[in-house]
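Working notes for the structure below.
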Amino acid sequence: MIFNAKKQRLGRLASQVAKLLINGEKVEINNISEIEQTSKNKIYYSHSGYPGGFKKRTYQELGPKKAFEKAVFGMLPKNKLRRQRIKNLIIHD
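Following this note's numbering, the numbering of the sequence shown begins with 21 at its first residue and continues without gaps.
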């Protein structure tokens, strides 16, 4: 299934995509650079696993492609199929 991300909210589109990925469909997203982010102050956290490896990034630093992928990944069920399902997501700029 193909989606156009132009003028769509990040979270709402991510929830639709997550439902399709759970059903086993391949999903393609176009125009991800034109997606709308409501909160410009959102901070994304990550940890490398090493001492002192805690990182904080804003939406602008992370970029729309990685932020969308992270949103969809968080909406998928936390089980062994999670990483396989996210591989069915193709994102184009």
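Yeah, the Cβ is synthetic: ideal placement off N, Cα and C, and Gly gets one too. None of these values were measured; they are calculated from a predicted model.
With respect to Val92, Ala25 sits apart: the two C-beta atoms are not nearer than 9 Å. Check the Cα spacing between Ser59 and each of Lys27, Lys100, Gln104 and Thr78: the tightest is with Thr78.
By the C-beta criterion, the region 85-99 is judged to be in contact with the region 47-57, since at least 3 inter-stretch pairs fall below 8 Å. For Lys27, the closest alpha carbon among the candidates Ser35, Asn50 and Glu81 is that of Asn50. Taking 9 Å as the cut-off, the Cβ atoms of Gly44 and Arg105 count as close. Going by C-alpha positions, Gly69 is about 23 Å away from Leu101. Taking the Cβ atoms as the reference, Asn108 lies roughly 26 Å from Lys62, outside the contact range of under 8 Å.
Around the Cβ of Ile52, a 10 Å sphere holds 16 or more other Cβ atoms; the residue is buried.
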